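Notes to accompany the following structure.
Number of protein chains: 2
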Amino acid sequence: MTFDYNQKQPVYEQLVDELRKSIKENYQPNDKLLSEREIMKKYSVSRNTVRQALNELEIIGYIYRQHGKGTFVANWATNNSKIGDEYSFTEQMKALGKKPETKILEYSILNANEYFAKRLNLSPGTKIIKLKRLRKADGLPMMIDRTYIPYAKFSTLSVEDLEVNQRALYSIFLEDFSEKVKLADEDIYAGICSEKDAGTLGILVGSPCLMLRRTTYNPKNEIIEYTISCARGDQFVYNIKYQH
Amino acid sequence: MTFDYNQKQPVYEQLVDELRKSIKENYQPNDKLLSEREIMKKYSVSRNTVRQALNELEIIGYIYRQHGKGTFVANWATNNSKIGDEYSFTEQMKALGKKPETKILEYSILNANEYFAKRLNLSPGTKIIKLKRLRKADGLPMMIDRTYIPYAKFSTLSVEDLEVNQRALYSIFLEDFSEKVKLADEDIYAGICSEKDAGTLGILVGSPCLMLRRTTYNPKNEIIEYTISCARGDQFVYNIKYQH
DNA sequence: CAGTGGTCTAGACCACGCC
DNA sequence: GCGTGGTCTAGACCACTGC
């Protein structure tokens, strides 16, 4: 068995796909996998390529390796959800089997005041876009996002894409504006719901809520987004998985 | 310049240290680094080794690479705190310049009831250790942890180590019991403080608080810890950084 | 076009776990 | 001693960037 070297996808990625398929079909958790040298022979690739593929599989939690013993299949219970990705409402709701939905409550262009200028690392007065979104799951209001992004970078952002096509904001950043999220810095804390948001979320004023504050950076360390979210405390659980 | 091949530390790790030092002393953010081939010559190592070192530096956010252009120094503002690590109260408080302190409120051995047996994946009635800890920062009570671990694995756990030596639980797991944390699964949600905890934390009953529920797994997918924490909403902020 | 990072090969030795 | 994963080398070609 060999791979196609003329494809756009590198060989080690093709190998990752092959191994994933093979594991899915033929292995149980904690089974011993083929050794690196056996994989070399089977797929006619060099050891470096095998190790590159195995590294990927290790990172996504599909396998674990033990020096002197071998490579083993990890328990996939841990593999259904993405690990180490920044928070995505849509992804989390899907993982819970709920139907996510996003409604745009506000889209406006404003001049940054002192506070938002500082948060976005811009000069006060610079134009920014404010986006207020209501997130629902199975029809139930779950959280309100207030997102602030620099107008200069995203002037042609289409509200229709967000609402009608229900595209994820980060997909639009990446696909339409080539802005890659390199780092997301999140603060999570407990708070009390404001009167305004309580009405929108359909809960009592003063109910406990989960507050999220997020700043995201591109590879050049420019800030591409600042978001404050308020989630209802009686419904919303934020889940993270850390892999080592 | 060459490296010592007889050291326990692999050459690429030595190269990582060298490059970190060099970057710290001679480079500014977004400066262009030596090319991979120049590093090869300078340190007399092969390209693979250089790339292994650069991969590490990329993962910890020290550098970023651009195909066809070069390798660049990232802004270290993002590098002071560890990225992608599971939550550690002690580490976070240190990062904020606060003095962390842990007080053991309870250490007991009990038989797991239905609930905890399920959470730890044990049979009901199995012996487990309960550990209740109060976390303070600069003398101020911040959160209460209730940790449940299987007695079979950690029967010789020393409370003195935790309290007098202020050792981190995970260091003890790793160093004294060879239990490595492979995956941490955390739920974060907003809640209301119980009467009992309100007294300990010095806040009013019914105050909003941040609740954390954590399950950690070793590489074999055995559960090594289940912890529920309650943090005061007026003081405590949970910070995470995601790197891509 | 030259220079960069991205991928790949073939072969070597070491360190660890197990019999 | 043998098989495993971990590290390392020397050399090659490709794809992308910018002049």
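The listed protein sequences derive, respectively, from chains A and B.
Note that the working numbering has the first sequence beginning at 1, numbered continuously upward.
Note that the working numbering has the second sequence beginning at 245, numbered continuously upward.
No residue lacks a Cβ here, since even glycine has one placed at the ideal position from N, Cα and C.
Only a predicted model underlies this, so the values are computations on that prediction, with no experimental measurement involved.
Compare the beta carbon distance of residue i and residue j with 8 Å and say whether it is the shorter of the two.
{"i": "G233 of chain A", "j": "Y482 of chain B", "result": "no"}
{"i": "L210 of chain A", "j": "A184 of chain A", "result": "no"}
{"i": "D275 of chain B", "j": "F316 of chain B", "result": "yes"}
{"i": "M142 of chain A", "j": "F3 of chain A", "result": "no"}
{"i": "Q52 of chain A", "j": "Y107 of chain A", "result": "no"}
{"i": "Y470 of chain B", "j": "F333 of chain B", "result": "no"}
{"i": "I416 of chain B", "j": "Y395 of chain B", "result": "no"}
{"i": "K200 of chain B", "j": "Y392 of chain B", "result": "The structure shown has nothing for residue 200 of chain B, since chain B only spans 245 to 488."}
{"i": "V181 of chain A", "j": "T215 of chain A", "result": "no"}
{"i": "D405 of chain B", "j": "S473 of chain B", "result": "no"}
{"i": "G312 of chain B", "j": "S279 of chain B", "result": "no"}
{"i": "E261 of chain A", "j": "L212 of chain A", "result": "Here chain A comprises residues numbered 1 to 244, so residue 261 of chain A is not present and cannot be evaluated."}
{"i": "E302 of chain B", "j": "V260 of chain B", "result": "no"}
{"i": "I255 of chain A", "j": "L120 of chain A", "result": "The displayed coordinates of chain A run from 1 to 244. Any statement about residue 255 of chain A would go beyond what the structure contains."}
{"i": "N465 of chain B", "j": "P29 of chain A", "result": "yes"}
{"i": "G435 of chain B", "j": "P208 of chain A", "result": "yes"}
{"i": "L140 of chain A", "j": "T200 of chain A", "result": "no"}
{"i": "I484 of chain B", "j": "I240 of chain A", "result": "yes"}
{"i": "T126 of chain A", "j": "N113 of chain A", "result": "no"}
Which residues of chain A have a Cβ atom closer than 7 Å to the Cβ of residue i, listed in chain order?
{"i": "F417 of chain B", "result": "The contacting residues do not exist; F417 of chain B stays about 12 Å from chain A at best."}
{"i": "N365 of chain B", "result": "Near N365 of chain B there are no residues of chain A at all, since even the closest Cβ is about 11 Å away, more than 7 Å."}
{"i": "G477 of chain B", "result": "Y189, A190, G191"}
{"i": "Y256 of chain B", "result": "Within 7 Å Cβ-Cβ: nothing; Y256 of chain B doesn't reach chain A, min ~13 Å."}
{"i": "Y359 of chain B", "result": "Within chain A, no residue comes near Y359 of chain B; the closest Cβ sits about 18 Å away, beyond 7 Å."}
{"i": "Y271 of chain B", "result": "Simply none; closest approach about 14 Å."}
Can you pull the chain B residues whose beta carbon is under 7 Å from the beta carbon of residue i, in chain order?
{"i": "I192 of chain A", "result": "P452"}
{"i": "Y148 of chain A", "result": "Correct list: empty, because the minimum Cβ distance to chain B is about 19 Å."}
Which residues does DSSP pair with residue i in a beta bridge?
{"i": "G435 of chain B", "result": "B:C453"}
{"i": "S473 of chain B", "result": "B:D389, B:L456"}
{"i": "P150 of chain A", "result": "A:I128"}
{"i": "D429 of chain B", "result": "A:K241, B:T459"}
{"i": "N495 of chain B", "result": "Look at the range of chain B in this structure, 245 to 488, and you will see that residue 495 of chain B is not part of it."}
{"i": "A381 of chain B", "result": "B:P344, B:L384"}
{"i": "Q310 of chain B", "result": "B:G314"}
{"i": "I468 of chain B", "result": "Answer by DSSP bridge pairing: none, since I468 of chain B is not bridged."}
{"i": "K257 of chain A", "result": "Because residue 257 of chain A is not part of the residues shown, which for chain A are 1 to 244, the question remains open."}
What does residue i touch in chain B if you count any residue whose Cβ is under 9 Å from its own?
{"i": "D187 of chain A", "result": "V481, Y482, N483, I484"}
{"i": "N30 of chain A", "result": "K464, N465"}
{"i": "Y107 of chain A", "result": "What Y107 of chain A touches in chain B: nothing, since even the nearest Cβ is about 26 Å away."}
{"i": "Y170 of chain A", "result": "Simply none; closest approach about 10 Å."}
{"i": "Y43 of chain A", "result": "Chain B residues near Y43 of chain A: none, gap ~20 Å exceeds 9 Å."}
Please list the partners that residue i has in chain A, where partner means a Cβ-to-Cβ separation under 8 Å.
{"i": "A318 of chain B", "result": "P219, N221"}
Which of the three DSSP states, helix, strand or coil, is assigned to residue i?
{"i": "L364 of chain B", "result": "helix"}
{"i": "N80 of chain A", "result": "With a pLDDT of only 49 at N80 of chain A, under 50, the local geometry of the prediction cannot be trusted, and no value is derived from it."}
{"i": "V73 of chain A", "result": "strand"}
{"i": "Q336 of chain B", "result": "helix"}
{"i": "E302 of chain B", "result": "helix"}
{"i": "L448 of chain B", "result": "coil"}
{"i": "Y27 of chain A", "result": "coil"}
{"i": "K265 of chain B", "result": "helix"}
{"i": "L401 of chain B", "result": "coil"}
{"i": "E38 of chain A", "result": "helix"}
{"i": "L349 of chain B", "result": "strand"}
{"i": "R51 of chain A", "result": "helix"}
{"i": "Y331 of chain B", "result": "coil"}
{"i": "S415 of chain B", "result": "helix"}
{"i": "Q14 of chain A", "result": "helix"}
{"i": "D234 of chain A", "result": "coil"}
{"i": "F3 of chain A", "result": "coil"}
{"i": "E163 of chain A", "result": "helix"}
{"i": "Q9 of chain A", "result": "coil"}
{"i": "K440 of chain B", "result": "helix"}
Residues of chain A with CB closer than 9 Å to the CB of residue i, please, in chain order.
{"i": "G305 of chain B", "result": "K182, L183"}
{"i": "Y395 of chain B", "result": "None at all; the shortest Cβ gap to chain A is about 23 Å."}
Could you list which residues in chain B have their beta carbon closer than 8 Å to that of residue i, in chain order?
{"i": "Y226 of chain A", "result": "Result: empty, since nearest Cβ-Cβ is about 15 Å, beyond 8 Å."}
Query - the stretch 172-182 of chain A / the stretch 397-404 of chain B touching (three or more Cβ pairs under 8 Å) - result: no
Query raised in the report: Can at least three beta-carbon pairs, one atom from the stretch 101-121 of chain A and one from the stretch 61-71 of chain A, be found at a separation below 8 Å?
Result: no
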